Each structure stands twice: as C-alpha cells, then as structure tokens.
Amino acid sequence: MDLENQKRVLDLSEKYGKENVVVIIGTSEAESAGLTAETVTAGDPTYAGPLAGVSLGLGVYHAFELKDQIDANVYDEQCGMMEMVLDVDAIIKEVSSIRDQYSQYKD
Amino acid sequence: MSAPVVRGAAYILVHTPDMIMRYGTTCALEHEANPESEFLKKLPEYVRSYEEVVKYAPNQAYIGNILPDILNTIEKPWYKNLIQAADAEGKMGEIVSQDEFYAAIKLSDALDLVALEKDFLIEIKAKLAKKSLYTEAELAKLKEGSELSEIESKVRGGAEPLYMGSKLVGCVKAAHDKDKNLTAHIMVENLVTKASGVIALKNLIYRNNIPADSIEYVIECSEEACGDMNQRGVGNFAKAICEVAGATGATGSDTRGFCAAPAHALINAAALVKAGVYKSVAIVAGGATAKLGMNARDHVNKGVPVLEDCLGGFAVLVTENDGISPVLRTDIVGRHTVGTGSSPQAVMESLITKPLDKVGMKITDIDKYSVEMQNPEITEPAGAGNVPLANYKMIAALGAKRGDIDKTSMPSFIKEHGMPGFAPTQGHIPSGVPYVGAAREMIMSGAIERAMIVGKGSLFLGRMTNQFDGVSIIMEKNTGREESTGAVSKEEVKEMVAEAMKDFASFLLNGKQG
Chain D
14 MDLENQKRVL DLSEKYGKEN VVVIIGTSEA ESAGLTAETV TAGDPTYAGP
64 LAGVSLGLGV YHAFELKDQI DANVYDEQCG MMEMVLDVDA IIKEVSSIRD
114 QYSQYKD
Chain R
15 MSAPVVRGAA YILVHTPDMI MRYGTTCALE HEANPESEFL KKLPEYVRSY
65 EEVVKYAPNQ AYIGNILPDI LNTIEKPWYK NLIQAADAEG KMGEIVSQDE
115 FYAAIKLSDA LDLVALEKDF LIEIKAKLAK KSLYTEAELA KLKEGSELSE
165 IESKVRGGAE PLYMGSKLVG CVKAAHDKDK NLTAHIMVEN LVTKASGVIA
215 LKNLIYRNNI PADSIEYVIE CSEEACGDMN QRGVGNFAKA ICEVAGATGA
265 TGSDTRGFCA APAHALINAA ALVKAGVYKS VAIVAGGATA KLGMNARDHV
315 NKGVPVLEDC LGGFAVLVTE NDGISPVLRT DIVGRHTVGT GSSPQAVMES
365 LITKPLDKVG MKITDIDKYS VEMQNPEITE PAGAGNVPLA NYKMIAALGA
415 KRGDIDKTSM PSFIKEHGMP GFAPTQGHIP SGVPYVGAAR EMIMSGAIER
465 AMIVGKGSLF LGRMTNQFDG VSIIMEKNTG REESTGAVSK EEVKEMVAEA
515 MKDFASFLLN GKQG
C-alpha cells in the first residue's frame with residue numbers, strides 16, 4: 014500500500030475515530046489485497062510507511078465482498094467485467110482471513 | 015482526402031548494461047540510500063551479455079525477426095531458452111551494442127558535450143563503417159576523440175561517465191553551470207533519447223527505402239523533457255532527431271502523454287495525412303535511461319537476469335494511400351475522456367467497444383488487439399502480473415458481457431485475438447505501438463484483416479491530475495480502391511453545368527464565348 018494512502022487512512026481514522034472508518038479495497042490480486050488489508054488492520058508489513066507498527070484494526074472489505082450491498086446496476090457497470098476476469102474467491106478468502114485475524118470492527 | 019496508411023515501421027533495442035547502475039532510477043536511488051547494499055553487490059552477476067540479449071526471443075519479436083505469436087511455441091523462461099540462430103539485424107530494426115550507441119550519442123551531440131576516448135573511437139568508427147546505416151560523412155563528424163586524462167578530469171569536475179565494463183571510455187558534461195535542467199545527468203538522459211530516436215528513424219528510412227527528405231513532419235513521443243530553466247520540457251526532440259537522421263525536408267514537434275503518447279502520436283499523424291496537411295508523417299521515440307533495471311531488485315532476488323537492460327525505440331511512417339499498406343481508420347478512434355471514469359470497465363469500454371459500436375463492429379471483428387505489450391517475464395517476478403494477458407481477459411469479458419462471444423469461449427478468444435507480451439518495459443514503448451509493424455506484415459500477407467492499437471497512460475504519476483488516459487485506433491487491410499480524392503461534389507457539378515450552359519447561351523446570342 015503506497016505511503017500516501019497509508020497517511021490518508023491514518024489521518025481519517027484519527028479525525029473520525031477508528032470505529033467510523035471502513036476501508037474498501039479494489040486491488041486485482043489476492044496477495045496485494047491481503048497486504049493492503051493487513052496494512053490497515055495489523056500495520057504495514059513492509060515497515061516503510063506511516064502505518065508501520067500502527068495496528069488500526071479497521072474494518073476492511075474488498076469491493077467484491079459488498080456485492081449484495083450495492084445497487085445491482087451500479088455493481089454490474091463498475092465491477093461486472095472485472096468479476097469475470099479476476100480470481101474472486103481467492104481475493105475474498107485472503108481479505109476475510111486477514112479481517113478475521115486483525116480487524117476490531119467487523120460489523 | 016487520402017486514407018492514411020502505415021507505410022513502414024522500425025523497432026530498435028540498445029543494450030546498455032553499464033548504464034543500469036548509474037542511470038536507472040532503481041539502482042541510482044539505492045546508491046544514494048544504501049551504497050553498500052547486497053542488491054548492488056549482486057547485480058553485476060545478473061547482467062546479460064550482448065549475445066544473450068540478441069538471442070532472447072522477445073527481443074527478436076520486437077525487431078521483427080519472429081512474429082509475437084511465435085513466442086507461444088517457445089518454452090518459458092525465455093531467458094533460458096535462447097534462439098541460437100538469432101541475428102542482431104532484424105527485418106524491422108536492430109539490436110545495437112553499447113559501444114556503437116556511445117558513438118551514436120556523440121553523433122547526436124550538437125554542442126560538444128560528449129567526449130569519447132580516442133582509441134575507443136577508432137575501434138567504433140571501424141565497426142560502424144561496416145554498417146550501411148551510417149555514411150562516411152556522418153562518421154567523419156565523430157572526429158578524433160579525447161585523451162583519457164582529459165575525460166577523467168571532466169568526470170572529476172562533475173561530468174557523467176560512460177563506461178564499457180569497468181573501463182571509462184567517455185563522458186557527458188553539463189550544458190550549463192547553474193541550470194538544473196541542463197545538468198550532466200539530464201543531458202545524458204536527453205542525448206540517450208535523441209540518439210536512440212535517431213537510430214529508430216534511420217532504421218525506418220533505411221529498411222523501407224524511404225527517401226529521407228520525403229518525410230514532411232515528425233512527431234516525437236518519448237518520455238523525456240528537453241529545455242532549460244526558463245522553459246523546462248519545451249522540446250523539440252523531433253526536429254533535433256530529424257537533423258541527425260537526415261530528414262532535411264521535415265519539421266516536427268513533441269507529443270507527451272505518458273505511455274499513451276505513441277498512440278496519440280499515431281492518431282495525430284494519421285489525422286495530418288488524412289486532412290492533407292502533410293503527405294508523409296513519421297512518429298518516433300527513443301528510450302529512457304531511468305527505466306533501466308527498474309525491477310532489478312526483484313529480478314536479482316528471484317535469480318532472474320536483469321531483463322531491463324535495453325533501451326527501446328521505434329518509428330512509424332504514415333503516408334498518403336499507396337493502395338497497398340494497411341489503412342489507419344481515423345473514423346474509428348477510441349478515447350478515454352475526462353468524464354469516462356477510472357473503473358477498468360469504463361476504461362476498456364471507452365477504448366475498445368465504444369469505437370466499435372460507432373461503426374457496428376463486434377469485438378470479434380478485430381483479429382488482433384495490441385494493448386500494453388510488456389514482456390511478462392519482466393513484470394511477473396516484480397508482482398505486476400502478466401499485463402497483456404490481463405488486458406485480453408478484460409476485452410474477452412467485455413465481449414462476453416455484450417454477447418459478442420460466449421463466456422466459455424473467453425480462453426480461445428484470448429489466444430486468437432491476443433498475443434504474448436514482448437516489449438521492453440520502457441514506459442511509452444510497450445503501449446500499443448510495438449505491434450504496428452507486425453500487424454502491417456500480417457495484414458499484408460492476408461493472415462489478418464484488422465488490428466486495434468491501444469495506448470494507455472498513467473497520468474496520475476505526474477501529480478497534475480488523478481486521471482487515467484488512453485486512445486485507440488484501427489489498422490485494416492487496404493482495399494486498393496481509388497478514393498474520391500479530388501472528386502467534385504454534386505453542387506459543384508451543378509454549378510459547372512450551369513456555368514457551361516450560360517457560356518453556351520452567351521455564345522449563341524453573341525456569336526462568341528462570353
């Protein structure tokens with residue numbers, strides 16, 4: 014997760030409270046989605062950015078996990094094509110596993 | 015108006031192993047931050063020889079000796095399965111060695127900023143004299159060369175060194191003592207872009223038997239910026255390249271747009287020809303030193319050779335319709351607009367399906383799509399995946415969503431309408447244009463009818479906008495039919511007939527023509 018985005022996540026959680034911030038990921042690979050989820054929950058695993066050693070424990074989901082919460086037309090328009098292209102199951106498995114381990118705000 | 019055609023294309027690679035360490039950003043930043051790092055110590059073991067670079071199958075595809083699809087028949091990793099009978103000279107270009115390239119930099123040096131050691135220069139002149147690309151008059155411009163002591167002194171004074179292995183053979187000095195845009199480092203970057211652009215344009219001219227002075231306009235579309243402290247990035251690489259390449263009848267300008275610039279340039283060139291402004295427009299780009307060894311850290315960590323060891327360059331000539339060469343369809347252009355949005359779906363629709371819809375074509379009516387053609391062997395070890403394959407999957411998914419193809423036939427669509435990535439990760443070089451030459455060959459041989467060239471650019475890296483960008487254009491078989499060039503409209507015919515009748519009436523009345 015790039016350093017600028019780490020800083021934005023940190024600033025927003027300080028401003029609004031960790032319980033009021035949910036991170037939605039749109040990355041295309043399970044590995045990178047997992048790393049992003051880990052960064053905003055357990056802390057930056059690469060120890061390079063503002064979230065190094067900072068365990069925010071935020072709620073974090075991949076956009077694919079929110080399909081039922083989104084208007085079907087909007088979802089189809091924005092995510093329909095990528096859903097056919099990417100390994101959705103692997104991405105969801107990776108992100109939910111990280112969330113189960115480190116997120117303090119799961120509902 | 016004449017339909018613009020792709021009259022020729024040239025592709026060149028320049029093997030620059032000794033520029034990776036100093037001029038590639040990954041190594042240069044590591045040098046600054048951690049000069050004793052394991053990565054920097056290990057890197058030289060992973061740098062390839064010129065022979066290995068020539069025999070590397072994706073490079074052979076890039077210079078036109080094999081079609082990109084042939085890569086499907088060569089076992090991976092390609093860096094271990096070299097083409098033993100490979101040639102540095104290609105049907106559409108060549109793979110230039112570093113020593114020759116240093117001479118090309120000197121030939122591109124208009125202000126005596128480059129010094130080459132005199133014995134080195136004698137050797138190179140003899141080597142270049144055997145090539146048909148350079149004339150005697152050009153080689154004479156290289157002059158006598160400098161004493162090594164003189165070069166060493168300049169390097170101590172801040173000039174950037176040029177090495178062959180550990181041997182200092184030349185240097186490039188700053189063009190101004192205070193101007194940050196004319197430092198020795200920037201002059202190296204810009205002279206490298208210019209010199210590799212010159213080699214590409216010379217190859218285009220030479221290999222297609224094009225009279226150099228017949229080119230009327232050149233659009234340069236690389237990623238560098240030349241200018242001084244009062245006007246950074248103003249250009250004009252195009253004209254500078256024309257001057258050295260002997261295109262004396264041309265002027266030109268530079269087009270920028272990150273990786274999408276070559277596709278923009280291709281459309282602009284086609285438009286200029288179609289409109290009749292110029293009969294012959296070349297687009298050209300040289301390579302970028304900054305991207306040498308860009309993913310070298312991952313390559314070294316994973317025991318892969320440093321595959322980003324070459325600069326890339328290309329040139330394409332767009333001319334009036336010759337009745338044979340593939341036509342550029344200026345009426346079927348895709349573009350990502352400000353309002354398009356950044357979702358992958360919106361991007362692909364704007365570039366692929368919207369232009370097709372305009373003329374009632376299906377996704378399957380395009381035989382080959384040329385997208386971001388990065389060699390996956392470079393990007394996969396760095397965690398960036400197989401970029402062309404990801405693009406083909408998206409195009410196939412769009413096709414399935416629209417009902418152009420069945421969902422189950424997505425894999426076969428990808429195989430038939432795509433191709434393996436084969437281009438060096440030199441930013442602008444992989445984006446759409448690497449296939450223009452091969453597409454020309456395949457269309458003219460009847461293997462395919464139509465190809466779409468898609469360029470994409472990550473504008474957000476410039477920090478001026480968060481926008482993405484992209485454009486696309488279709489190349490298709492030339493029907494050879496005469497066009498309505500110079501034909502008159504109905505109204506004009508009516509006017510002419512009326513005029514003639516008036517004259518005739520006047521003649522009858524007056525006994526003479528009025």
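In order, the protein sequence lines correspond to chains D and R. With the working numbering as the guide, the letters of the first sequence map in order to residues 14 to 120. With the working numbering as the guide, the letters of the second sequence map in order to residues 15 to 528. All residues carry an ideal CB built from backbone N, CA and C; glycine is no exception. Here the structure is a predicted model, which means the values were calculated and not measured.
So with CB distances below 8 Å, who are the chain D contacts of residue i?
i         : result
Leu121(R) : Within 8 Å Cβ-Cβ: nothing; Leu121(R) doesn't reach chain D, min ~41 Å.
Gln359(R) : Glu90, Gln91, Cys92, Gly93, Met94 and Met95
Lys415(R) : Gly93, Met94 and Met97
Going by Cα to Cα distance, which pick from the options is closest to residue i?
i         : options                                       : result
Thr149(R) : Val258(R), Pro31(R), Glu463(R) and Ser236(R)  : Val258(R)
Leu121(R) : Glu89(R), Gly159(R) and Ile443(R)             : Gly159(R)
Ala279(R) : Asp268(R), Lys288(R) and Lys187(R)            : Asp268(R)
Asn18(D)  : Ile105(D), Ala61(D), Asp100(D) and Asn33(D)   : Ala61(D)
Ile200(R) : Val68(R), Gly171(R), Thr303(R) and Ala254(R)  : Thr303(R)
Leu125(R) : Ala437(R), Lys187(R), Asn480(R) and Leu370(R) : Lys187(R)
Lys139(R) : Asn223(R), Lys382(R) and Ala154(R)            : Ala154(R)
Leu57(R)  : Glu66(R), Tyr64(R), Asp123(R) and His45(R)    : His45(R)
Phe436(R) : Asp83(R), Glu50(R) and Ser16(R)               : Asp83(R)
Gly93(D)  : Val34(D), Lys80(D) and Ala103(D)              : Lys80(D)
Asn86(R)  : Leu403(R), Met243(R), Ser210(R) and Asp420(R) : Leu403(R)
Leu196(R) : Glu152(R), Ser210(R), Tyr64(R) and Gln245(R)  : Gln245(R)
Gly271(R) : Pro358(R), Ala173(R) and Ile443(R)            : Ile443(R)
Val53(D)  : Ala43(D), Lys28(D), Gly66(D) and Glu42(D)     : Gly66(D)
Ala103(D) : Leu69(D), Glu42(D) and Asp57(D)               : Glu42(D)
Leu54(R)  : Arg62(R), Glu66(R), Thr40(R) and Tyr64(R)     : Thr40(R)
Would you kindly check if the distance between the Cβ of residue j and the Cβ of residue i is under 8 Å?
i         : j         : result
Gly469(R) : Pro276(R) : yes
Ile4(R)   : Leu306(R) : Residue 4(R) falls outside the range modelled here, since chain R spans only 15 to 528, and no answer is possible.
Ala491(R) : Glu463(R) : Note that residue 491(R) is Lys in the sequence shown, not Ala. For Lys491(R) and Glu463(R), yes; Cβs fall inside 8 Å.
Met14(D)  : Thr49(D)  : yes
Ile229(R) : Ala261(R) : yes
Val19(R)  : Thr344(R) : no
Ala299(R) : Glu234(R) : yes
Leu64(D)  : Tyr118(D) : no
Ala129(R) : Lys168(R) : yes
Pro319(R) : Val347(R) : no
Lys141(R) : Ala100(R) : no
Val485(R) : Ile281(R) : yes
Val22(D)  : Val35(D)  : no
Tyr449(R) : Ala465(R) : yes
Ile409(R) : Met458(R) : no
Lys253(R) : Gly266(R) : yes
Pro390(R) : Asn400(R) : yes
Leu182(R) : Glu166(R) : yes
Could you name the residues of chain R that residue i contacts, counting a contact when the two beta carbons are closer than 7 Å?
i        : result
Glu42(D) : Gly399
Val98(D) : Lys407, Met408 and Ala411
Counting C-beta neighbours from all protein chains within 10 Å, is the total for residue i 16 or more, i.e. buried, or is it exposed?
i         : result
Ser520(R) : exposed
Ala85(D)  : exposed
Val373(R) : exposed
Leu523(R) : exposed
Ser111(R) : buried
Leu475(R) : exposed
Pro434(R) : buried
Glu52(R)  : exposed
Asn223(R) : exposed
Gln82(D)  : exposed
Glu203(R) : buried
Gly528(R) : Only weak support exists for where Gly528(R) lies, its pLDDT of 42 falling under 50; the coordinates are left without a value.
Leu43(R)  : exposed
Please list the partners that residue i has in chain D, where partner means a Cβ-to-Cβ separation under 9 Å.
i         : result
Ala226(R) : Those do not exist, as Ala226(R) stays about 46 Å from chain D at its closest Cβ, beyond 9 Å.
Met362(R) : Met94
Taking only beta-carbon positions, decide if residue i is within less than 8 Å of chain B.
i        : result
Tyr60(R) : Among the chains of the structure shown, chain B does not appear; the protein chains present are D and R.
Fill in: Contact between the stretch 27–45 of chain R and the stretch 318–328 of chain R (3+ Cβ pairs under 8 Å)
Contact holds: three or more Cβ-Cβ distances are below 8 Å.
Worksheet item: At a cut of 8 Å, does the stretch 66–84 of chain R reach the stretch 105–113 of chain R through at least three beta carbon pairs?
Response: yes
Fill in: Stretch pair the stretch 204–216 of chain R + the stretch 326–345 of chain R: three plus CB contacts closer than 8 Å
With the cut-off at 8 Å, the stretch 204–216 of chain R and the stretch 326–345 of chain R touch.
Worksheet item: Are there three or more Cβ pairs, one per stretch, closer than 8 Å when the stretch 427–434 of chain R is compared with the stretch 364–383 of chain R?
Response: yes
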